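Chains as they are written, first to last, in the numbering used here: chain A, 53 to 395; chain B, 53 to 395.
First the structure, in the form of structure tokens, and then the observations on it.
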DNA sequence: TCCGATACTACAAACGATTGCGGCGGAACC
DNA sequence: GGTTCCGCCGCAATCGTTTGTAGTATCGGA
């Protein structure tokens, strides 16, 4: 029966008050202006009619849409599921809805999505697009709308960012290997133009010297992209330069799995001749043969924190820009072990 | 400089026409009413001012929000990434945005999300929530808004649904095994209350007799849930009842991987002693040891088709209810092979 | 009795667009 | 030359809210 929405006018008529009084009565922040018994009468009428404010009308007047945009580089990447879930869980709590944008059509796609979102008057924006620099459109957008970066940051830290602590994460991997007794450790890095690519590489070199090993840039081989194939290629290049490596820290799980192939093609045994660590700990890694030791990044938490700081920004609280680092953990599995004795 | 949005009024003033004329000039479907040179003048003014219609104002008047809701049972499940991507890709093309709802908080959560979406006046709804029956809220919702089901259907086919052709998919697996020479084939089924669980089980039995094998319900073991552990449990139960099975068709990839463990724990070799097929072909299966032969469902396509029929529904074209079946393919890998010779 | 303060409530103008309808020209026709 | 018609444009109502301002009681105090 209630297929036709009841409007504020209906509620007002039902309660025998003027529409504006009804509006104030229903709004908690203005309810004190109207007489308590009137408030109750209006509330009763609203309940009876099943009144729901029209979000468009309200948004038009108040200039808020109660929606935020989330721009993801690739929805099909399992990595982003938890982030989205985290974001969604806290925003829904506060009555916001989540507009999702999938920027899988090249580098400029994200920008056009940002513009779409702005046109829709989202109250906030969460960007997970890669890259260390931020486009002009995005920077422009920051003036018009609250904005938070997730799983990435910008070089000048001008936008609040929630990121995994890559330095700590790589540290977990390197120290783990060091404690197992490894001394010749290499790194298969991600592309340098991606913030995580460069960051993890730097962290690797830094930790190498921290644990008392040689921090040679020559121990690093950059993969063209975060995928299995480039991982194999890079690992092969690395292992041909340094045949004596006993361990490889990969900048990403897929790169790590790429290393599997490289190591196998050389007739060596993973976890015995060459230990391998991944990064991100995506699903199913534990079912690999051997299961991949990997740095686990709290992605869901990342989404939660991003949404929380976005809400703070929207509320006008001043959030310090700069990045918030989330601590990773290490899932130790069977792709890592003590180095094999050289006979 | 254009931080402040220009409105239709500005455009009208700039072009020296009335606001209503400007409106008509800018709207392709009404532009023929106004003089061509005026149209051009208005268009020029709009371009100059960077005018963008205010979606809320427009939506308030036209009763359309140009947004559709997509409700997913679990965003973290990699399965739904491609569906979302497919949906998004076609909707964005037509100027719609996608509101995402993650129904991971129990069975009633989906309903409350549907209500949220309705309150927001979405123009359409795409449901991917599981279950063979549809809740009353959803059924109610169908009156108020266009609605399409994806990756699921309802028993009475009262709502248009885009689903994978499970019968054909199971057929691919069974026939593949049969052609390899298997004669004792079992099935690890999904939960019966899920539409895919029951459907694939029925398909399995049907195909068994089609290929000339015994279609015994005793060859089926139902797993409690689509996960690895329940898969192992079910497979163990099945193999203890029928130690002579040479192949298992799993209702799901994770169940298939669960079978791996069961087979291994019995000291048998996968793909030799016991062949296994999965269903869905989720990422990384090709990197498993052995790589899992699996029925591949065109999930992205599913999203695309769902969105397309939703657009048709919204446009008022009458779409025949009932289900559209998408044909799966078979990714043959190394978990299947000819049955080992006995004795 | 009258005044001013207090406590509500009503009026009406926004927000930015769409759209039915009426008006006003000029051309065509009788 | 008057009527009709048509092409083009402006007027104003409308969608459902929020909110500044004006109005009306009621009450206390002088």
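We treat Cβ as the ideally placed atom computed from N, Cα and C, and that holds for glycine.
In this text the structure is predicted, and so the values were computed from the model without any measurement.
Rounded to whole angstroms, what is the Cα-Cα separation between residue i and residue j?
| i | j | result |
| --- | --- | --- |
| residue 226 of chain B | residue 302 of chain B | 11 angstroms |
| residue 378 of chain A | residue 259 of chain A | 18 angstroms |
| residue 165 of chain B | residue 291 of chain A | 52 angstroms |
| residue 222 of chain A | residue 255 of chain A | 6 angstroms |
| residue 206 of chain B | residue 144 of chain A | 28 angstroms |
| residue 179 of chain A | residue 357 of chain A | 13 angstroms |
| residue 352 of chain A | residue 332 of chain A | 12 angstroms |
| residue 106 of chain B | residue 272 of chain B | 57 angstroms |
| residue 371 of chain B | residue 295 of chain B | 49 angstroms |
| residue 274 of chain B | residue 197 of chain B | 37 angstroms |
| residue 54 of chain B | residue 102 of chain B | With a pLDDT of 42 at residue 54 of chain B, under the threshold of 50, the modelled position of this residue cannot be trusted, and the question is left open. |
| residue 96 of chain A | residue 79 of chain A | 14 angstroms |
| residue 277 of chain B | residue 109 of chain A | 44 angstroms |
| residue 177 of chain A | residue 132 of chain A | 16 angstroms |
| residue 186 of chain A | residue 64 of chain A | 49 angstroms |
| residue 140 of chain A | residue 151 of chain A | 10 angstroms |
| residue 175 of chain A | residue 367 of chain B | 29 angstroms |
| residue 355 of chain B | residue 215 of chain B | 10 angstroms |
| residue 363 of chain B | residue 242 of chain B | 32 angstroms |
| residue 380 of chain A | residue 347 of chain B | 35 angstroms |
| residue 397 of chain A | residue 249 of chain A | Past the edges of chain A, shown from 53 to 395, lies residue 397 of chain A, and the structure says nothing about it. |
| residue 68 of chain B | residue 84 of chain B | 19 angstroms |
Do we get a CB-CB distance below 8 angstroms when we pair residue i with the residues of chain A?
| i | result |
| --- | --- |
| residue 182 of chain B | no |
| residue 330 of chain B | no |
| residue 130 of chain B | yes |
| residue 133 of chain B | yes |
| residue 358 of chain B | no |
| residue 291 of chain B | no |
| residue 127 of chain B | yes |
| residue 173 of chain B | yes |
| residue 82 of chain B | no |
| residue 176 of chain B | no |
| residue 117 of chain B | yes |
| residue 368 of chain B | no |
| residue 339 of chain B | yes |
| residue 353 of chain B | no |
DSSP three-state label for residue i, please.
| i | result |
| --- | --- |
| residue 348 of chain A | strand |
| residue 290 of chain B | helix |
| residue 312 of chain A | helix |
| residue 177 of chain B | strand |
| residue 63 of chain A | helix |
| residue 371 of chain B | coil |
| residue 318 of chain A | coil |
| residue 299 of chain A | strand |
| residue 69 of chain A | coil |
| residue 54 of chain A | Because residue 54 of chain A carries a pLDDT of 42, less than 50, the predicted location of this residue cannot be relied on, and the following value inherits that uncertainty. It is coil, neither helix nor strand. |
| residue 382 of chain B | strand |
| residue 392 of chain B | coil |
| residue 257 of chain B | helix |
| residue 145 of chain B | helix |
| residue 355 of chain A | helix |
| residue 334 of chain B | coil |
| residue 76 of chain A | helix |
| residue 340 of chain B | coil |
| residue 246 of chain A | coil |
Against chain B, does residue i count as a neighbour if the rule is that its beta carbon must be under 8 angstroms from one of theirs?
| i | result |
| --- | --- |
| residue 156 of chain A | yes |
| residue 136 of chain A | yes |
| residue 149 of chain A | yes |
| residue 199 of chain A | no |
| residue 322 of chain A | no |
| residue 140 of chain A | yes |
| residue 335 of chain A | yes |
Per DSSP, which one or two residues make a beta bridge with residue i?
| i | result |
| --- | --- |
| residue 365 of chain B | Answer by DSSP bridge pairing: none, since residue 365 of chain B is not bridged. |
| residue 272 of chain B | B:239 |
| residue 152 of chain B | B:122 |
| residue 328 of chain A | A:300 |
| residue 377 of chain A | A:215 |
In chain order, each beta strand (DSSP E) run of at least 3 residues that lies wholly inside the segment 186-237 of chain A: 198-202, 213-216
Hey, which unbroken runs of the alpha helix (DSSP H) at 4 residues or more fall wholly within the segment 85-136 of chain B? 88-101, 107-114
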